[in-house]
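Novice:
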């Protein structure tokens, strides 16, 4: 119901790190007996982010340790060839896991990092790296200066820490996760992985595109929410597609496509009061057809250029929001001749037709809501005249207030059984209770001890961060690591806010949302 927040390009450095993490799609089986390209093409609707891994720069040395042993020691499973790149003490063949749930110190660092403001992230990482160097009795090879932290300084500190070697007997030390001796890169692997992931994302090619997408996103947000200029939004999107098609500017065609779910999901905020649920959406039919045609031409141009580059040995493509399986199939079809190119045109037309059908449905999803219809706030006197307030954040605020919220309540005429919930509805945003009496089913969620907000399809880092920030401000500080709060306690009729847990089927970025919508 809220794709504005997942499709937003936030300023927090770790949001960029999540977006830059490699993705893997699950290829569905195609019928080998089906000769037609359109019917045979498979579109991977199921995908997930790979386990985030960071490749720490360490010095190479000869080693004959089998890859199975090295990978198992590093928490990575593989098989096959011999390792000849790194010594056994380093065991960093496949990189280091950024998420280490079993490492308490690593998770505490992650919680602190996510609870900080974007401008405070790099100074915090520098502080941790310097503390680790002091713990190893080493001096940094670069001197810090007041002001912002340059990425080059972080890179030098990472190299300083990762290049320390020790041959002492391993001992137990709680400050480095229970390991002492051997490679320092292993003892501080949680800190190194976290810092390297942020650094590599900030220095990578996605950083420039992310910044340009954020600028265009703010422009579209102001045009929709404040001016209500939907025709101007349509022209701006077509202009961005045209420039991306001609390789003008930092934006790719994929970047512009990723903004379409955000634009359509913003429609309830920009729609005039009383707009019917059956309304067409943010654009008129001719405007939407023109926009869809522009998307089709841009995608086909990119596929044709990639197919031509494949013949010339320069196979590049700026359509990373599509399934790689589908794109590879289309490039192969383009090389087969006119019939293949015709099949590709039909396939792209079908993909985009389904894409815009889903976008129109998304644009109507919040129109029936009463108090949770808007996901933006406007203040012409602030530095951000229009800002996004995620739906999850609004629900968390309402839960802490403890008041009645009709959008969250289960309809009174629904059955208490699971079948009744499915047939009668789970409330306007799918919240209810099953297997209990009707009286309990209508209980205000704010009076519960624990509330789980689980998003089917995935939750973005910005959504989780905003809910956590509100919890911290309400509790008067970052208790229990900054991402937890005390549970509800009833004392003389006074209720504290419940413990709110945020979860989802995946941790998603704008590219992930677009990829899940671009399927037949």
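Numbering (my numbering), first residue to last: 3 to 522. The beta carbon of each residue, even a glycine, is placed where N, CA and C say it ideally should be. Since this is a predicted model, take the numbers as computed values, not measurements.
Return the chain-ordered ranges of every alpha helix (DSSP H) run that is complete within the stretch 297–368 and spans a minimum of 4 residues.
Specialist: 326–336, 340–366
Novice: For the stretch 3–10 against the stretch 385–401, do three or more pairs of beta-carbon atoms, one drawn from each stretch, fall closer than 8 Å, so that the two count as touching?
Specialist: yes
Novice: Give a yes or no on whether the C-beta atoms belonging to residue 255 and residue 320 are separated by under 9 Å.
Specialist: Numbered from 1 along the chain shown, position 253 holds the residue referred to as residue 255. Numbered from 1 along the chain shown, position 318 holds the residue referred to as residue 320. The answer is yes: Cβ separation under 9 Å.
Novice: Within 8 Å, do at least three Cβ pairs link the stretch 230–240 to the stretch 327–339?
Specialist: no
Novice: Hey, would you say residue 257 sits closer than 9 Å to residue 246, going by beta carbons?
Specialist: If you number the chain shown from 1, residue 257 lands on position 255. If you number the chain shown from 1, residue 246 lands on position 244. The answer is yes: Cβ separation under 9 Å.
Novice: Ends of the beta strand (DSSP E) at residue 166?
Specialist: In the chain shown, the residue the question calls residue 166 occupies position 164. Element bounds for residue 166: n/a, residue is neither H nor E.
Novice: For residue 381, count the other beta carbons within 10 Å of its own beta carbon; 16 or more makes it buried, fewer makes it exposed. Which is it?
Specialist: As a working note, residue 381 is residue 379 in the chain shown. Exposure of residue 381 is indicated by the presence of fewer than 16 other C-beta atoms within 10 angstroms of its C-beta.
Novice: Please classify residue 210 as buried or exposed, where buried requires at least 16 neighbouring CB atoms within 10 angstroms.
Specialist: Position 208 of the chain shown, counted from the start, is the residue given in the question as residue 210. The residue in question, residue 210, is exposed, as its Cβ has fewer than 16 Cβ neighbours within 10 Å.
Novice: By the three-class DSSP mapping on this structure, what secondary structure does residue 143 have?
Specialist: As a working note, residue 143 is residue 141 in the chain shown. Three-state DSSP puts residue 143 in coil, outside helix and strand.
Novice: Which value, in whole angstroms, describes the spacing of the CA atoms of residue 99 and residue 56?
Specialist: For the purposes of this step, residue 99 is taken as the residue at position 97 of the chain shown. For the purposes of this step, residue 56 is taken as the residue at position 54 of the chain shown. For residue 99 and residue 56, the distance between alpha carbons rounds to 7 Å.
Novice: Per DSSP, which one or two residues make a beta bridge with residue 234?
Specialist: Walking along the chain shown from the start, residue 234 turns up at place 232. Answer by DSSP bridge pairing: none, since residue 234 is not bridged.
Novice: Would you mind reading off the limits of the alpha helix (DSSP H) that contains residue 16?
Specialist: Counting from 1 along the chain shown, the entry for residue 16 is found at position 14. Element bounds for residue 16: 15–22.
Novice: Find out if the Cβ-Cβ distance for the pair residue 102, residue 192 is shorter than 9 Å.
Specialist: Along the chain shown, read from residue 1 onward, the residue named residue 102 stands at position 100. Along the chain shown, read from residue 1 onward, the residue named residue 192 stands at position 190. Yes, these two residues count as a Cβ contact at 9 Å.
Novice: Between which two residues does the beta strand (DSSP E) carrying residue 379 extend?
Specialist: Counting from one through the chain shown, the residue named residue 379 turns up at place 377. 378–380 is the span of the beta strand (DSSP E), which, as asked, contains residue 379.
Novice: Could you tell me the alpha carbon to alpha carbon distance between residue 230 and residue 223, rounded to whole angstroms?
Specialist: As a working mapping, residue 230 is identified with position 228 in the chain shown. As a working mapping, residue 223 is identified with position 221 in the chain shown. About 10 Å.
Novice: To the nearest angstrom, report how far apart residue 406 and residue 446 are at their CA atoms.
Specialist: As a first step, residue 406 is located in the chain shown; it is residue number 404 there, counting from the start. As a first step, residue 446 is located in the chain shown; it is residue number 444 there, counting from the start. Near 7 Å, if we compare the C-alpha coordinates of residue 446 and residue 406.
Novice: Whole-angstrom Cβ separation of residue 158 and residue 146, contact assumed at under 8 Å?
Specialist: Along the chain shown, one-based indexing puts residue 158 at 156. Along the chain shown, one-based indexing puts residue 146 at 144. Not quite, the Cβ-Cβ distance comes to about 10 Å (not below 8 Å), so this is no contact.
Novice: Output needed for residue 155: all residues of its chain with C-beta closer than 8 Å, excluding positions within five of it in sequence on either side, in chain order.
Specialist: As a first step, residue 155 must be located in the chain shown, where it is residue number 153. Cβ within range, chain order: 128, 144, 146.
Novice: Do the CB positions of residue 302 and residue 227 come within less than 9 Å of each other?
Specialist: Numbered from its first residue, the chain shown carries residue 302 at position 300. Numbered from its first residue, the chain shown carries residue 227 at position 225. Against a cut-off of 9 Å, the Cβ pair of residue 227 and residue 302 comes out as no contact.
Novice: Residue 505 by DSSP, collapsed to three states: which one?
Specialist: Residue mapping note: residue 505 aligns to position 503 of the chain shown, counting from 1. Residue 505: strand per DSSP, three-state reduction.
Novice: Given a cut-off of 9 Å on the beta-carbon distance, is the pair residue 404 and residue 455 in contact?
Specialist: Within the chain shown, residue 404 is the residue found at index 402, counting from 1. Within the chain shown, residue 455 is the residue found at index 453, counting from 1. The answer is no: Cβ separation not under 9 Å.
Novice: Residue 120 and residue 527 - do their beta-carbons sit closer together than 9 Å?
Specialist: The requested residue 527 does not occur in the structure, where the chain is confined to residues 3 to 522.
Novice: Counting only beta-carbon atoms, is residue 202 nearer than 9 Å to chain B?
Specialist: The chain inventory of the structure shown lacks chain B, comprising one protein chain alone.
Novice: Taking the C-alpha atoms as reference points, what is the distance between residue 369 and residue 21?
Specialist: For the purposes of this step, residue 369 is taken as the residue at position 367 of the chain shown. For the purposes of this step, residue 21 is taken as the residue at position 19 of the chain shown. Residue 369 and residue 21: Cα-Cα distance of roughly 30 Å.
Novice: Tell me the rounded alpha-carbon separation between residue 275 and residue 376.
Specialist: For the purposes of this step, residue 275 is taken as the residue at position 273 of the chain shown. For the purposes of this step, residue 376 is taken as the residue at position 374 of the chain shown. Cα to Cα, the separation comes out at about 11 Å.
Novice: I think residue 194 touches residue 163, with their Cβ atoms under 8 Å apart; what is that distance to the nearest whole Å?
Specialist: For this step, residue 194 is matched to residue 192 along the chain shown. For this step, residue 163 is matched to residue 161 along the chain shown. Residue 194 to residue 163, Cβ: 7 Å. Contact.
Novice: Among residues of its own chain, excluding the 5 on either side of residue 519, which ones have a beta-carbon nearer than 6 Å to its beta-carbon?
Specialist: Translated into the one-based positions of the chain shown, residue 519 becomes position 517. Result list for residue 519: 357, 360, in chain order.
Novice: Hey, would you say residue 267 sits closer than 9 Å to residue 514, going by beta carbons?
Specialist: Numbered from its first residue, the chain shown carries residue 267 at position 265. Numbered from its first residue, the chain shown carries residue 514 at position 512. Taking 9 Å as the Cβ cut-off, residue 267 and residue 514 do not qualify as a contacting pair.
Novice: Based on Cα-Cα distance, which residue from 241, 510, 219, 362 lies nearest to residue 286?
Specialist: Residue numbering aside, residue 286 sits at position 284 when the chain shown is read from its first letter. Nearest option by C-alpha distance: 362.
Novice: Determine the direct distance from the alpha carbon of residue 401 to that of residue 299, and round the result to whole angstroms.
Specialist: Translated into positions along the chain shown, residue 299 becomes position 297. Translated into positions along the chain shown, residue 401 becomes position 399. Distance from the CA of residue 299 to the CA of residue 401, rounded to the nearest whole angstrom, comes to 46 Å.
Novice: Is it buried or exposed for residue 424, if we count other Cβ within 10 angstroms and need 16 for buried?
Specialist: Counted from its first residue, the chain shown places residue 424 at position 422. Note on residue 424: pLDDT 38, under 50, position unreliable in the model; the coordinate value appears next. It counts as exposed.
Novice: Along the beta strand (DSSP E) that carries residue 109, what are the first and last residues, could you check?
Specialist: Taking the chain shown and counting its residues from 1, one reaches residue 109 at position 107. Run containing residue 109: none in the beta strand (DSSP E); it sits in the alpha helix (DSSP H), 106–117.
Novice: Ends of the beta strand (DSSP E) at residue 521?
Specialist: In the chain shown, residue 521 corresponds to position 519, counting from 1. Here residue 521 belongs to no beta strand (DSSP E), and DSSP marks it neither H nor E.
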